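Position 30 of the sequence shown, counting from 1, maps to 80 under the working numbering, and the rest follow consecutively. Yeah, the Cβ is synthetic: ideal placement off N, Cα and C, and Gly gets one too. Being a predicted model, the structure only gives us computed values, none of them experimental. Worksheet: one structure, shown below.
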Amino acid sequence: MKKIYTIVGLLLTLRLAAQPYNNEWIDYSKTYYKFKIGVTGLYRIPQTVLAAAGMGGVVAQDFQLFRNGQ
């Protein structure tokens, strides 16, 4: 009986180890920027803020928005 519990425990441990970390969407060859906001709503990021972050020459079509990895 003890042998069955050991096998079941081992299988459950392997199952837990195979779960994703929810950061599979990250492409480490790209640069990501995080803009913190105070209140939920619609925000505009001014050109001056983008230029200060080194993104002044990036066209708007190249931007992507991620929230919780999606």
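Does DSSP put residue i in a helix, a strand or coil?
i, result
"V99", "helix"
"Y93", "coil"
"Q114", "coil"
"V109", "coil"
Residue i to residue j, Cα distance in whole Å?
i, j, result
"V108", "T56", "57 Å"
"A103", "Q97", "10 Å"
"E74", "M51", "40 Å"
"F113", "S79", "16 Å"
"L92", "T81", "24 Å"
"I87", "R117", "13 Å"
Thinking residue i and residue j are a contact (beta carbons under 8 Å), I'd like their distance in whole angstroms, please.
i, j, result
"L115", "G106", "Rounded, the Cβ-Cβ distance is 19 Å, inconsistent with contact."
"F85", "I95", "6 Å"
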